[in-house]
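Q: Provided herewith is a single structure, encoded as structure tokens, for subsequent inquiry.
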Amino acid sequence: MSGHFETNAIREHLERTSFQEHSTPLYLTSSFSFEDAEDMRASFTEEKERNIYSRFTNPNTTEFIDKICKMEGAESGYAFATGMAAVFSTFAALLDSGDHIVSARSVFGSTHTLFTKYFPKWNITTSYFDINEEEANIEAFIQPNTKILYAESPTNPGVDIIDLEMLGRIAKKHNLILVIDNCFATPYIQQPIKFGADLVIHSATKLIDGQGRVLGGITVGRSDLIREIYLFARNTGPALSPFNAWVLSKSLETLAIRVEKHCENALKVAEFLEKHPNVNWVKYPFLKSHLKYEIAKKQMKLGGNIIAFEIKGGIEAGRKFLNSIKMCSLSANLGDAKTIVTHPASTTHSKLSEADRLEVSITDGSVRVSVGLEHVDDVINDLNQALIS
Ligand SMILES: Cc1ncc(COP(=O)(O)O)c(C=O)c1O
0 MSGHFETNAI
10 REHLERTSFQ
20 EHSTPLYLTS
30 SFSFEDAEDM
40 RASFTEEKER
50 NIYSRFTNPN
60 TTEFIDKICK
70 MEGAESGYAF
80 ATGMAAVFST
90 FAALLDSGDH
100 IVSARSVFGS
110 THTLFTKYFP
120 KWNITTSYFD
130 INEEEANIEA
140 FIQPNTKILY
150 AESPTNPGVD
160 IIDLEMLGRI
170 AKKHNLILVI
180 DNCFATPYIQ
190 QPIKFGADLV
200 IHSATKLIDG
210 QGRVLGGITV
220 GRSDLIREIY
230 LFARNTGPAL
240 SPFNAWVLSK
250 SLETLAIRVE
260 KHCENALKVA
270 EFLEKHPNVN
280 WVKYPFLKSH
290 LKYEIAKKQM
300 KLGGNIIAFE
310 IKGGIEAGRK
320 FLNSIKMCSL
330 SANLGDAKTI
340 VTHPASTTHS
350 KLSEADRLEV
360 SITDGSVRVS
370 VGLEHVDDVI
380 NDLNQALIS
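In numbering that gives the first Met the number 0, the protein residues as written are 0 to 388.
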């Protein structure tokens, strides 16, 4: 069926079984059985489209993939055990030894590790451009062997924004595959395919799950590229489990309403922080002070739930702030119903030099807040008491 975003998220589901269950059942099965030898042969040669083994496909993962495809406007997709499995498998399936990636420097830490530690082992190299770079300067990084153009928007943890339409233009002009990690936005807020992306990746662990329960990942987009990714994944085994797919597909039913509330709360928290005397700056896509406010407004429906801000007093003030938090959680996840605060300079990015941290917009006093669904006054009160303590 084809309705509005919210309707599809709820009404797109598997065919009912003879029990006429109202809610999609959990197909917790490793494999599927065949009628006879011919049925099995035709299934393996893909003359028949059907489930064979849950490493390849499973009804629950299919439902989850179909929903995300509809939300992103994608032709097809493959679901993974984690967001990183999606990132790794997408590159591994599409790149050959000798290929080159052009990527924004501000990418998630593990993606950066793939680019700098693992891909060079297979002679796959990466050039980084600054997220705020002009179009012509980004193009200057393109080589004859460049195959993929890659970016996140908004970025983790810097909450920087890049113009997706511009990236789409560059990719088309130079015949590159444009891959966008859309994790912070969710398909409710932003659909990169509209701006020219060939593939869109999500860590479903974040706002798609929304309650910090399961890990998951997905890549959706052009069906010829997804076919390659599917074949790679079918043989290497990073598939999403049916149970996690079932949880995530249920979560999508409430994605729109949850994300609306997350963003409403986040904007209020961002506005509060911007006025706070102990805060140097706040970065939130829908604050006018964001360097890319106009671009954020063009490509995003809402500002998301992640805020970066700088506390006055550097690393020590950051640590003190975290120690003074009472209600919010100190946790490595984000996109949860529970508000989570992290201090990247003393935790996730502590091994980087100050100069390297600055290149990805992390200062000593930077704090990242993933605003949850608690009453916003309680979130603000907790942040305030920690800021003034
Ligand atoms: C932007 C982004 N991409 C990818 C990932 C990886 O996802 P996962 O933790 O599900 O492997 C994360 C996780 O935080 C992320 O924030």
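Quick reminder that beta carbons are idealized off the backbone N, C-alpha and C, glycines included.
So, residue 311 versus residue 364, is the Cβ gap smaller than 8 Å?
A: Against a cut-off of 8 Å, the Cβ pair of residue 364 and residue 311 comes out as a contact.
Q: Have a look at the DSSP bridge pairing and note the partners of residue 340.
A: According to DSSP, which records beta bridges pairwise, residue 340 is partnered with 329 and 368.
Q: Which residue from 379, 34 and 14 puts its Cα closest to that of residue 25?
A: Closest option to residue 25, Cα to Cα, is 14.
Q: Suppose you measure from the CA of residue 317 to the CA of residue 281; what does that come to, to the nearest Å?
A: So the two alpha carbons sit approximately 14 Å from each other.
Q: Tell me residue 99's beta-bridge partners as DSSP assigns them.
A: DSSP, once it has assigned bridges, lists 124 and 145 as partnering residue 99.
Q: Step through the CB atoms of chain B and report whether any lies within less than 8 Å of the CB of residue 219.
A: Of the protein chains in this structure there is only one, and it is not chain B.
Q: How do the segment 373-382 and the segment 263-279 stand: do at least 3 beta-carbon pairs fall below 8 Å, yes or no?
A: Segments in contact, yes.
Q: Would you grab the beta carbon distance between residue 283 and residue 275 for me? Rounded to a whole angstrom, and I think it's under 8 Å.
A: About 13 Å separates the two Cβ atoms, so there is no contact after all.
Q: Return the CA-CA distance between residue 147 and residue 358, expressed in angstroms with no decimal places.
A: Taking the straight line from one Cα to the other gives about 22 Å.
Q: With a threshold of 7 Å on Cβ separation, who are the neighbours of residue 248 within its own chain once the five nearest residues in sequence on each side are excluded?
A: Closer than 7 Å at Cβ, skipping near neighbours: 23, 59, 62, 63 and 66.
Q: Assuming residue 194 contacts residue 163 under a Cβ cut-off of 8 Å, what Cβ separation, rounded to an integer in Å, is found between them?
A: Indeed they touch by this definition, with Cβ atoms about 4 Å apart.
Q: With the cut-off set at 8 Å, would you say residue 308 and residue 246 are in Cβ contact?
A: Their beta carbons are not under 8 Å apart, which means residue 308 does not touch residue 246 by this criterion.
Q: Answer yes or no: do residue 209 and residue 81 have a C-beta to C-beta separation smaller than 8 Å?
A: Taking 8 Å as the Cβ cut-off, residue 209 and residue 81 do not qualify as a contacting pair.
Q: Using the C-alpha atoms, what's the distance from residue 12 back to residue 52?
A: Their Cα atoms are separated by approximately 20 Å.
Q: Judging by CA-CA distance, which residue of 211, 184, 112 and 212 is the nearest neighbour of residue 200?
A: Closest option to residue 200, Cα to Cα, is 184.
Q: From residue 91 to residue 117, what does the alpha carbon distance come to, in whole angstroms?
A: So the alpha carbons of these two residues sit roughly 11 Å apart.
Q: Measure the beta-carbon distance from residue 395 to residue 188 and round it to whole angstroms, keeping in mind my assumption that it falls under 8 Å.
A: In this structure the chain extends from 0 to 388, so residue 395 is not present and cannot be described.
Q: Taking only three categories from DSSP, how would you classify residue 92?
A: The answer is helix: DSSP assigns residue 92 an H, G or I state.
Q: Quick check on this structure: which residue in 132, 131, 347 and 144 has the alpha carbon closest to the alpha carbon of residue 122?
A: Minimum Cα distance to residue 122 is reached at 144.
Q: Rounding to the nearest angstrom, what Cα-Cα distance links residue 415 and residue 177 in this structure?
A: Absent from the model: residue 415. The displayed extent of the chain is 0 to 388, so no value can be given.
Q: Check for me: the beta strand (DSSP E) holding residue 309 runs from which residue to which?
A: Note, residue 309: beta strand (DSSP E), 305-310.
Q: Rounded to whole angstroms, how far is the Cβ of residue 295 from the Cβ of residue 160, which I believe are closer than 8 Å?
A: Contact holds; Cβ gap of about 5 Å.
Q: Can you look up residue 69 in the DSSP assignment and give me helix, strand or coil?
A: In this structure, residue 69 counts as helix in the three-state DSSP scheme.
Q: Checking the sheet assignment: what are the DSSP bridge partners for residue 79?
A: 216 and 238, per the DSSP bridge assignment.
Q: Near residue 154, what residues of its chain come up, given a Cβ to Cβ distance below 6 Å and the 5 sequence neighbours on each side ignored?
A: 105.
Q: Name the DSSP beta bridge partners of residue 282, please?
A: Answer by DSSP bridge pairing, in chain order: 307.
Q: At a cut-off of 7 Å, is residue 86 close to ligand 1 when judged by its beta-carbon and the heavy atoms of the ligand?
A: Indeed, a heavy atom of ligand 1 lies less than 7 Å from the Cβ.
Q: In chain order, which continuous runs of the beta strand (DSSP E) of length 3 or greater are located wholly inside the segment 171-218?
A: DSSP runs (the beta strand (DSSP E)) wholly in the segment 171-218: 176-180 and 198-202.
Q: So what does residue 316 bridge to, in DSSP terms?
A: Looking at the DSSP assignment, residue 316 forms no beta bridge with any residue, so it has no partner.
Q: Using a Cβ-Cβ cut-off of 7 Å (strictly less than) and excluding sequence neighbours within five positions of residue 387, which residues of its own chain qualify?
A: Only 277 meet the Cβ criterion.
Q: Should residue 119 go down as buried or exposed, given a rule of 16 or more other Cβ atoms within 10 Å for buried?
A: Exposed, by the Cβ-count rule.
Q: List the endpoints of the continuous alpha helix (DSSP H) containing residue 51.
A: It is not in any alpha helix (DSSP H) - residue 51 carries neither H nor E in the DSSP assignment.
Q: Please go through the same chain and pick out, in chain order, the residues whose beta-carbon is closer than 7 Å to the beta-carbon of residue 5, but skip the five residues on each side of it.
A: Same-chain partners within the cutoff: 255.
Q: I want to check one thing, is the minimum distance from the CB of residue 328 to the heavy atoms of ligand 1 below 7 Å?
A: Not so, every heavy atom of ligand 1 lies at least 7 Å from the Cβ.
Q: Give me the Cα-Cα distance between residue 170 and residue 373, rounded to the nearest whole angstrom.
A: Their Cα atoms are separated by approximately 41 Å.
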